[in-house]
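Engineer: Residue numbers (this note's numbering), protein chains in the order written: chain P, 2 to 262; chain V, 2 to 262.
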DNA sequence: GCCTAGGTCCCGTAT
DNA sequence: ATACGGGGCCTAGGC
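Structure below.
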């Protein structure tokens, strides 16, 4: 049954469902709704007893198995898989078996349907990229443009050079000319972020006399703050309410610059 | 049109689609396929120009917006949102507008449809929990049972006590009676995992005379290995091919134990 | 609520 | 291919 550009079949028997999967897998966005067991073997191993789920197979080979709750799929496979469909006898019933596999790493997801409520296939074309604003990268660039928001007198080194200096978010010198490493975070920094900064600063302190380390974030956990003091590092509070509104302008100017660069 | 337990409407006009969304949002698994723009405002901000997408609204308030590629939804909301649907005039067209919002943090996703190809609603009941084998927790427990696989003569302290000792995966003493902290990883350990161990060991070394630190993983990155040597820590190679087959047994015995505990 | 740690994390990017 | 870092990460478990 064609529904605009969508094909929908309700309650197909295993054979029809099998044909449907074979016809559309890898070409269109394929959807199955029904009761099934799911086994996964690969980086780990999982089993899921029979229940009703929604299965999505994207044209790029992505598999998503969703239950009725939560953002994360209960099973999945990243792009690049190959799909096979078969009809097999199982416990005296004829069942649709769909397998999705890939190599490196070798992984396979096997779905055995005891019932297919619905099968759909449609083309969805999406040429657009998401424009995301307020990422760490955005904040980083804003601080490059307005280094005083990090600290009065802070001057970051040039971006091109920074690349060769390693993975540090910002690197420059403070008002007294002291080398200063800045790690930027878009949300409350925890112990892990503090350790990350410590690692970068440690490397620099091996090479140079005096190096300051700043963790620039909207907030820090107490544990992280203690750790920073311990390691002679500093926390630098970022006022996101002031910074975020500047981001759209940043993106606008970058688009303009893109015409020349 | 009832399709087993599924309702499907093809190419509904905005008003019908709006009713459909209002009727099913929060009750059943609701699906929309169509062309839309999507705006998100919350922890960050995003815009997505018009394109065809598949929208899922789970009864628990989860929102997923999928394009034709990749595992990750292009936009989403975790469980607990509320959905509203409206019909509005936009650019001289009548459009379905669906918003999904939540508080703490305040976030909103707004979808403006220029066309709805298909709308479905169905009940999917899934009472089963995924049984996952081969997690870090599994490996940890195997090593507790067979501590020689960590190192000849290693003896981990009791699990109950370990809880109070902090977040360390394993804590015990080696064949010479030296305190030993073990951080377990299920895959190649990188610099971050090495730093994590270093942090735990540092705390223990503040309190005790001599403390060893082992990073137990199937492999280590070169950088991480250097870091370990630097900090006087050690790498302990895990043979996953030997360990993983033991996991099913572990789970089986734990189920049995569960009957008594 | 905060915070930490894990994830079959995914994903981009640089080496 | 490996490795490192970010993510609107999500999610579970402690406190």
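Think of the CB as a built atom: it goes at the ideal place given N, C-alpha and C, for glycine as much as any other residue.
Going by DSSP, what residue range makes up the alpha helix (DSSP H) through residue 46/P?
Structural biologist: What you label residue 46/P is simply residue 45 of the first chain in a count that begins at 1. Here residue 46/P belongs to no alpha helix (DSSP H); instead the beta strand (DSSP E) covers 46–58.
Engineer: Please compile the residues from chain P whose C-beta is within a distance smaller than 9 Å of the C-beta of residue 79/V.
Structural biologist: As a working note, residue 79/V is residue 78 in the second chain. Here the neighbours are 71 and 72.
Engineer: Whose C-beta lies closer than 7 Å to the C-beta of residue 59/V among residues of the same chain, with five residues either side of it excluded?
Structural biologist: Looking up residue 59/V in the second chain gives position 58. Cβ within range, chain order: 30.
Engineer: How about residue 125/P: is its C-beta nearer than 7 Å to some C-beta of chain V?
Structural biologist: Here residue 125/P is taken as the residue at index 124 of the first chain, counted from 1. For residue 125/P, the answer is yes, since a Cβ of chain V falls inside 7 Å of its Cβ.
Engineer: Hey, could you find the ends of the beta strand (DSSP E) residue 194/P is sitting in?
Structural biologist: Counted from its first residue, the first chain places residue 194/P at position 193. Per DSSP, residue 194/P belongs to no beta strand (DSSP E); it is in the alpha helix (DSSP H), 192–208.
Engineer: Compare the C-alpha of residue 188/V against each of 196/V, 146/V, 159/V and 140/V and name the closest.
Structural biologist: What you label residue 188/V is simply residue 187 of the second chain in a count that begins at 1. Of the candidates 196/V, 146/V, 159/V and 140/V, the one whose C-alpha sits nearest the C-alpha of residue 188/V is 140/V.
Engineer: Can you tell me the Cα-Cα spacing of residue 3/P and residue 171/P, whole angstroms?
Structural biologist: Reading the first chain from its first residue, position 2 is the one you call residue 3/P. Reading the first chain from its first residue, position 170 is the one you call residue 171/P. Here the model assigns residue 3/P a pLDDT of 42, short of 50, so the residue's position is not dependable, and the following value carries that caveat. Approximately 55 Å between the Cα atoms of the pair.
Engineer: From the DSSP secondary-structure annotation, give me the bridge partner or partners of residue 80/P.
Structural biologist: Walking along the first chain from the start, residue 80/P turns up at place 79. Per DSSP, none; premise fails for residue 80/P.
Engineer: For the pair the segment 126–144 of chain P and the segment 49–57 of chain P, tell me if three or more CB-CB distances fall below 8 Å.
Structural biologist: Touching, no.
Engineer: CB-CB under 7 Å to residue 95/P, same chain, minus the five flanking residues each way: which ones, in chain order?
Structural biologist: In the first chain, residue 95/P corresponds to position 94, counting from 1. For residue 95/P, where only same-chain residues beyond five positions count, the Cβ hits under 7 Å are 15 and 88.
Engineer: Kindly say whether residue 105/V, judged by its beta-carbon, lies nearer than 7 Å to any beta-carbon of chain P.
Structural biologist: Here the question's residue 105/V lines up with position 104 in the second chain. With 7 Å as the cut-off, residue 105/V does not count as an interface residue toward chain P.
Engineer: Helix, strand or coil for residue 125/P per DSSP?
Structural biologist: As a position in the first chain, residue 125/P is number 124, starting the count at 1. The answer is coil: DSSP assigns residue 125/P none of H, G, I, E or B.
Engineer: Residues in its own chain within less than 6 Å of residue 65/P by CB, not counting five upstream and five downstream?
Structural biologist: Mapped onto the first chain, residue 65/P falls at position 64. Contacts found: 57, 74 and 77.
Engineer: From residue 149/P to residue 231/P, what does the alpha carbon distance come to, in whole angstroms?
Structural biologist: In the first chain, residue 149/P corresponds to position 148, counting from 1. In the first chain, residue 231/P corresponds to position 230, counting from 1. If you take the alpha carbons of residue 149/P and residue 231/P, they lie about 26 Å apart.
Engineer: What residues from chain P crowd round residue 141/V, counting only those whose CB sits closer than 9 Å?
Structural biologist: Walking along the second chain from the start, residue 141/V turns up at place 140. By Cβ distance, chain P contributes nothing, its closest Cβ being about 14 Å from residue 141/V, past 9 Å.
Engineer: Rounded to a whole number of angstroms, what is the C-alpha to C-alpha distance between residue 180/V and residue 84/P?
Structural biologist: To locate residue 180/V, count along the second chain from 1; it is residue 179. To locate residue 84/P, count along the first chain from 1; it is residue 83. Taking the straight line from one Cα to the other gives about 51 Å.
Engineer: Ends of the alpha helix (DSSP H) at residue 18/P?
Structural biologist: In the first chain, counting from the first residue as 1, residue 18/P sits at position 17. From DSSP, the alpha helix (DSSP H) with residue 18/P extends over 15–25.
Engineer: Strictly below 8 Å CB to CB, what residues from chain V border residue 53/P?
Structural biologist: Along the first chain, read from residue 1 onward, the residue named residue 53/P stands at position 52. Ordered by position in chain V, the residues that pass the 8 Å Cβ test against residue 53/P are 124, 125, 126 and 127.
Engineer: Nearest chain V C-beta to residue 254/P closer than 7 Å, yes or no?
Structural biologist: Start at 1 with the first residue of the first chain, and residue 254/P comes out as number 253. No, its Cβ sits nowhere closer than 7 Å to a Cβ of chain V.
Engineer: Give me the Cβ distance between residue 106/V and residue 43/V, rounded to the nearest whole Å; I'm assuming they're in contact under 8 Å.
Structural biologist: Looking up residue 106/V in the second chain gives position 105. Looking up residue 43/V in the second chain gives position 42. That pair is a contact at about 6 Å.
Engineer: Helix, strand or coil, according to DSSP, for residue 145/V in the structure here?
Structural biologist: Within the second chain, residue 145/V is the residue found at index 144, counting from 1. Of the three classes helix, strand and coil, the one that applies to residue 145/V here is helix, per DSSP.
Engineer: I need the DSSP call for residue 139/P, collapsed to helix, strand or coil.
Structural biologist: To locate residue 139/P, count along the first chain from 1; it is residue 138. It is helical.
Engineer: Using only alpha-carbon positions, find the residue among 167/P, 72/P, 119/P and 99/P that is nearest to residue 81/V.
Structural biologist: As a working mapping, residue 81/V is identified with position 80 in the second chain. The shortest Cα separation from residue 81/V among 167/P, 72/P, 119/P and 99/P belongs to 72/P.
Engineer: Quick check: is the beta carbon of residue 4/P nearer than 7 Å to any beta carbon in chain V?
Structural biologist: In the first chain, residue 4/P corresponds to position 3, counting from 1. Note that residue 4/P scores a pLDDT of 46, beneath 50, so its modelled location is shaky; the value from the coordinates is reported in the next line. Taking Cβ atoms only, chain V reaches closer than 7 Å to residue 4/P, which makes this a yes.
Engineer: Below 7 Å CB to CB, which residues in the same chain sit around residue 209/P once its five sequence neighbours on both sides are set aside?
Structural biologist: As a first step, residue 209/P is located in the first chain; it is residue number 208 there, counting from the start. Contacts found: 180.
Engineer: Quick one: any contact between the segment 211–224 of chain P and the segment 189–198 of chain P, if contact means 3 or more CB pairs under 8 Å?
Structural biologist: Contact holds: three or more Cβ-Cβ distances are below 8 Å.
Engineer: Report back the beta-carbon spacing between residue 111/P and residue 98/P to the nearest angstrom; my notes put them in contact at under 8 Å.
Structural biologist: Translated into the one-based positions of the first chain, residue 111/P becomes position 110. Translated into the one-based positions of the first chain, residue 98/P becomes position 97. That belief holds up - the Cβ atoms of residue 111/P and residue 98/P are roughly 7 Å apart, short of 8 Å.
Engineer: Anything in chain P within Cβ reach of residue 60/V, meaning under 7 Å, just list it in chain order.
Structural biologist: Residue mapping note: residue 60/V aligns to position 59 of the second chain, counting from 1. Under the 7 Å cutoff, chain P gives 69.
Engineer: Below 8 Å on the Cβ atoms is my contact criterion, and I expect residue 225/P with residue 256/P to pass it. Report the Cβ-Cβ distance as a whole number of Å.
Structural biologist: The residue you call residue 225/P lines up with position 224 of the first chain. The residue you call residue 256/P lines up with position 255 of the first chain. At roughly 36 Å, the Cβ-Cβ gap does not stay under 8 Å, so residue 225/P and residue 256/P are not in contact.
Engineer: Is residue 168/P helix, strand or coil by DSSP?
Structural biologist: What you label residue 168/P is simply residue 167 of the first chain in a count that begins at 1. Coil at residue 168/P, not helix or strand.
Engineer: Is residue 131/P closer than 7 Å to residue 33/V when the C-beta atoms are compared?
Structural biologist: Counting from one through the second chain, the residue named residue 33/V turns up at place 32. Counting from one through the first chain, the residue named residue 131/P turns up at place 130. No, Cβ-Cβ distance for residue 33/V and residue 131/P is not below 7 Å.
Engineer: Is residue 196/P near residue 254/V, with beta carbons less than 7 Å apart?
Structural biologist: For this step, residue 196/P is matched to residue 195 along the first chain. For this step, residue 254/V is matched to residue 253 along the second chain. No. Outside cutoff.
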